[in-house]
């Protein structure tokens with residue numbers, strides 16, 4: 011059994027950020043088009059559950075996962 015990936019912390023400099031924005035800001039994707047495809051296709055998780063809404067509001071403490079990486083939102 012493998013252990014889950016370590017969680018990287020990324021400060022957003024505020025209280026709220028949209029999922030699509032955060033994926034690019036955290037360096038998980040280079041382009042908005044790639045973000046759109048990955049989210050719609052169900053490859054992105056928020057707090058362990060698939061979320062297909064790029065506009066989902068993320069708050070400090072939320073953990074976003076993609077392709078074996080996990081990134082936590084910090085204010």
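Numbering (this note's numbering), first residue to last: 11 to 85.
Cβ coordinates follow ideal geometry from the N, Cα and C atoms, glycine included.
All values derive from a computational prediction rather than experimental measurement.
Item	Value
Taking Cβ to Cβ, would you say residue 52 is nearer than 8 Å to residue 60?	yes
Give every residue of the same chain whose Cβ lies closer than 8 Å to the Cβ of residue 26, excluding the five residues on either side of it in the sequence, and list them in chain order.	67, 68, 69
Based on the DSSP secondary-structure assignment, which residues constitute the bridge partners of residue 17?	80
Please name the residue, chosen from 39, 19, 65, 43, that lies closest to residue 76 on a Cα-to-Cα basis.	39
Could you tell me whether any non-hydrogen atom of the ligand GTP is closer than 7 Å to the CB of residue 24?	In terms of ligand content, the structure shown is empty, and the ligand GTP therefore cannot be addressed.
Taking the beta carbon of residue 30 as the centre, do at least 16 other beta carbons fall within 10 Å, making it buried, or is it exposed?	buried
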